[in-house]
Amino acid sequence: MKSKILALLLGGTLLSGSAMAGGYQVNLASQRQIGMGHTGTGIVTGNASIFFNPGAMSQVRENGVTIGATGLISKIAYRAPEPSGTEAMSDNPLGTPFNFYGTYKADDLLTVGLGVYTPFGSSVNWGSDWNGRFGLNELTLQAIFIQPTVSYQLTEKLGFGVGFVYAIGGVNLQRSIPLQGQEEGRVELDGGASGIGINAGIFFKPSEKISVGLSYRSKVDMKVEEGDTEFNAPASVAGRFPAGTTFDAELPLPSTVSIGVGIMPTEKLTIAIDVSRVGWSAYEKLRFDYSANVNGASFTENARNYDDAYIFRIGGEYKLTEALNLRAGAYYDNTPVEDGYLTPETPDANALGLSAGIGYTLSEKLSIDASFLYINKEERTDLSNKSGGIAGTYKSVAYAPGIGLNYKF
Amino acid sequence: MLALFAGVLLTSCDPEIDAPASSAGSADFTKYIAVGNSLTAGFSDNGLSLEGQVNSYPAILAQQFKAIGGGDFAQPLFTEAQRNGSGYIRLAGFTATGSPITAPVTENLALRAPNSSLLTKYTEPVNNYGIPGIRVADINTPGYGSAAGNPYFERITPDAQAMQTYLQRVQQSTDHTFFSLWLGNNDILGFATAGGFAGAITETGTFNANYSAMVDALTAKGAKGIVATIPDVTGVPFFTTVGPQVKAALTAAKSAGFVAFTGSATNVDNTKNRTLVPTATIKDATGGTVLFTLTGSAYAGLIGRPTGKYWKDLAKQQSPSPAAVNLVLAGLLSRYAIDTTKALGAPENPWPSALIVDATELKAIEDATKTFNDFIKAQATAKSLAIFDANAYFTSIQGGFSSYGVAYSPAFITGNLFSLDGVHPTPRGYAFIANEMIKSINAKYSAKLQTVDETQYRTVVFP
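Protein chains in written order, with the numbering used here: chain G, 5 to 413; chain R, 697 to 1159.
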């Protein structure tokens, strides 16, 4: 069950990005909104309202398509607990979260749309030499959400929308096994996953100067069934790692409830503020169940016990000329990872995001958005003694340049 | 343009974590020498090889000292062509029941001549004076470095100085600024591994006089250093692997116990030195006072069955020629009054004394360990030296611990810390020892030495 669907869909390269939001969430759903600190619940964001607030989708005036992609460049530095001099740096592959949104006005009140986006994912590569290699060599998590959506304008000021989410993805986890042969033992787990959920929102715009929105994106349980294992162990103990063993696992992609407000003091200026609560407490453990005993055990389980976490966002857009929009934003993303539970696959910490962007209208039909986001996570030291993680100090930064196109018809 | 921008950022804005400060504190690591036994030499898997030398704890310490002013550290390394040194044992596989099978490594040895017990000479100056097998009792013995002495000391002793003692050799070093001293293990261990059947525990008076002479020699010019205590030898896999298995088997068979020989080879009263060992007294995780040696693993499964395997194996070892084996065997059986038609563990065919540490022997071992360690610590305190309390450390890890996702314990093979001989650490185990020493040095001398990544040092190699 390798994730062949993904490979076909995306040519094998355009996969989701490193987890640079809290946990393994990837908040890079629209280039315009990235420029504005990834706000968007309380304003009309164009076609991207399919993601940010389906209730606002009915406010979109024209049919249109938005496509965009972000290059997520991330690195994580590591130092072992003092007095060790040991350090490491992850060599994460370039993440490429992307988005596609299409909307169509079925009639004056009803808008239908389709979104395809990548709100979760992670790719972190520590290699097979660092001191934490028995915890993790490399992890790739992918999730692509496909979301058909309807939005209805209840009144001129009030919109409601709901989308059905079908998620596909996969997980690939590689780690070293502490058994020394000619080379060190290794294990690779690889499986495709899928899950379902909803995305619903209400949008209310009482005046030209203010708007508010509420959105709810449900938890999606990604289930891996009969994923592949590949073990590399010295011959004399290979019998403890039976070939052809499959694994089952389940990974929750947590719910997000957001409220947002949009303030338009002048025709040229939009200010947006969002607060999100991410239901990370759903992530209690990471468990792999095997079809045969692996090194004497039928499963492995490590506690995660994440906490629900809040994200605070603010962003603005200023219309400099008819064609040119300038944007800036910031957010503060609280980590869901409690002390003692830090892991090398998600060495999470409270994060500050700073963004800037421009939008340029090329023609009546075509406009382009460019964005740049800098993410700086706080340096965090943890014993990692409750999660089976790797103790030490972690520090992550990421840079995410992105570009998007909007076409109206 | 964005890509270019990103490319510049990628290379110039990597996340950084401040490196911990490093300093020598009040110590001076300009010239470091290591005095000790097999542990200091890098002995592992029942032999000394180039790999063991390169990964010895003094070599690890010297490497870390270099970061704060330490100089070169010369070891009497075997050449690449003779990398297997004395020879050692490797893991060849497992029996159907999961018992390890070891095999000797016999190629690329550093023997001076075929079948010689002497090793290829190494007479360059050394910083690592670790001599496998040496006891505190041996350091004043003239000729210990001769062909009739210890082959490892003979190896580094110039022929012209064959009568030089180990203490005199160490006294030649007058310009060292830092030293490590870890002696005393063999003053107990030889007696213990022979099940109290051979060897003797060093007299306390001899131990104290020799040990303090060595400390005086090392500190004569004001050098600072670290001394290590003697671990509880009964906490190593050599003594903890077989006993619990025997206890479990006897308990399952509802056997009250078995008869064993006790005492030493020279004091065997064939009728009186046989004692019933109650099953409950065999030491396992729940306690006990009787230990089985790892050398007994080949015979432990034979308890309760008629066998003369141990005596046949012993006769083969002692016999000058294959033709004489039966004669030697008959002599042994007669001398010790063994009836091999009776079950092993029966009064007529007792469990051999060399394969068991009984309660009396265990008490002698534990008393001596405490006496010697008290003296070692008192000497260190008197000279203001750092102490690596190896006894306390190895006692503290008896229950196992975890580091960077790897489980460690004193268990044989699976515990990752001890090599195939059940006494000496794996390179990984030596790295832990070096790190513990670094912590002791840091604490004593207000130094800021960095510890090493122990995962870069191997554990037991599986075929």
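Even glycine gets a Cβ: it sits at the ideal position worked out from N, Cα and C.
When the options are compared against residue i, the one with the closest alpha-carbon
i: Glu326 (chain G); options: G:Tyr310, G:Ser371, G:Ser295 and G:Thr350; result: G:Ser371
i: Ser762 (chain R); options: R:Ser718, R:Tyr1153 and R:Ala909; result: Before going further, note that residue 762 (chain R) is Lys rather than Ser in the sequence given. Lys762 (chain R) has its Cα closest to that of R:Ser718, out of R:Ser718, R:Tyr1153 and R:Ala909.
i: Val30 (chain G); options: G:Gly408, G:Thr100, G:Tyr82 and G:Gly39; result: G:Thr100
i: Ala395 (chain G); options: G:Val120, G:Ala84 and G:Val64; result: G:Ala84
i: Ala856 (chain R); options: R:Gln941, R:Gly841 and R:Tyr862; result: R:Gly841
i: Ala143 (chain G); options: G:Phe316, G:Ser127, G:Gly344 and G:Arg137; result: A quick correction: the sequence has Leu, not Ala, at residue 143 (chain G). Here the closest residue by C-alpha is G:Ser127.
i: Thr937 (chain R); options: R:Pro711, R:Thr1110 and R:Gln1146; result: R:Thr1110
i: Ala1064 (chain R); options: R:Gln864, R:Ile830 and R:Pro927; result: R:Pro927
i: Met40 (chain G); options: G:Gly201, G:Leu273, G:Asn380 and G:Gln186; result: G:Leu273
i: Arg1031 (chain R); options: R:Ala905, R:Ala1011, R:Gln1152 and R:Tyr995; result: R:Ala1011
Coarse secondary structure for residue i, derived from DSSP in three states
i: Glu305 (chain G); result: strand
i: Thr153 (chain G); result: strand
i: Met93 (chain G); result: strand
i: Gln29 (chain G); result: strand
i: Ala1019 (chain R); result: helix
i: Met5 (chain G); result: Here the model assigns Met5 (chain G) a pLDDT of 34, short of 50, so the residue's position is not dependable and the matter cannot be decided.
i: Asn1138 (chain R); result: helix
i: Tyr287 (chain G); result: coil
i: Leu946 (chain R); result: helix
i: Ile1109 (chain R); result: coil
i: Leu387 (chain G); result: coil
i: Gly406 (chain G); result: strand
i: Thr982 (chain R); result: coil
i: Val1148 (chain R); result: coil
i: Asn1045 (chain R); result: strand
i: Asp883 (chain R); result: helix
i: Pro1159 (chain R); result: coil
i: Phe1084 (chain R); result: strand
i: Thr70 (chain G); result: strand
i: Leu998 (chain R); result: coil
i: Tyr753 (chain R); result: helix
i: Ile38 (chain G); result: helix
i: Asp337 (chain G); result: strand
i: Val166 (chain G); result: strand
i: Lys412 (chain G); result: strand
i: Tyr907 (chain R); result: helix
i: Gly1004 (chain R); result: coil
i: Pro256 (chain G); result: strand
Pair within 8 Å by beta-carbon distance, residue i and residue j
i: Ile267 (chain G); j: Val279 (chain G); result: no
i: Ile206 (chain G); j: Phe164 (chain G); result: yes
i: Gly406 (chain G); j: Thr74 (chain G); result: yes
i: Ser400 (chain G); j: Pro348 (chain G); result: no
i: Phe887 (chain R); j: His1120 (chain R); result: no
i: Ser1142 (chain R); j: Ser876 (chain R); result: no
i: Gly891 (chain R); j: Leu1051 (chain R); result: yes
i: Ser215 (chain G); j: Gly46 (chain G); result: yes
i: Asn780 (chain R); j: Val750 (chain R); result: no
i: Thr861 (chain R); j: Pro828 (chain R); result: no
i: Ser180 (chain G); j: Asn129 (chain G); result: no
i: Thr816 (chain R); j: Gln864 (chain R); result: no
i: Gly26 (chain G); j: Thr339 (chain G); result: yes
i: Arg291 (chain G); j: Val261 (chain G); result: no
i: Tyr825 (chain R); j: Val866 (chain R); result: yes
i: Gly189 (chain G); j: Asn135 (chain G); result: no
i: Tyr1089 (chain R); j: Glu1062 (chain R); result: no
The segment 754–767 of chain R in contact with the segment 841–856 of chain R per 3-pair CB rule at 8 Å: no
- prompt: Is it a yes or a no for the segment 976–992 of chain R touching the segment 942–955 of chain R, going by three-plus beta-carbon pairs under 8 Å?
  reply: yes
task: For the segment 175–249 of chain G, list the beta strand (DSSP E) runs that are entirely contained and at least 3 residues long, ordered along the chain.
output: 188–208, 214–221 and 224–236
- request: Inspect the CB distances between the segment 60–73 of chain G and the segment 104–116 of chain G and report whether three or more fall short of 8 Å.
  value: yes
- prompt: Any contact of the segment 208–218 of chain G with the segment 167–182 of chain G, i.e. 3+ C-beta pairs under 8 Å?
  reply: no
message: Check whether the segment 1037–1048 of chain R and the segment 1000–1011 of chain R are in contact - that is, three or more C-beta pairs closer than 8 Å.
response: yes
- request: Within the segment 117–163 of chain G, note down every full beta strand (DSSP E) run reaching 3 residues or more, in order along the chain.
  value: 142–157
message: So, does the segment 936–947 of chain R touch the segment 1120–1139 of chain R, judging by three or more C-beta pairs under 8 Å?
response: no
query: Are there three or more Cβ pairs, one per stretch, closer than 8 Å when the segment 241–252 of chain G is compared with the segment 281–299 of chain G?
result: yes
message: Closer than 8 Å is the cut-off here; do at least three beta carbon pairs connect the segment 722–738 of chain R with the segment 81–97 of chain G?
response: no
Three-pair Cβ contact test at 8 Å for the segment 906–926 of chain R versus the segment 1019–1029 of chain R: no
Completely contained alpha helix (DSSP H) runs for the segment 807–835 of chain R, where each covers 4 or more residues: none
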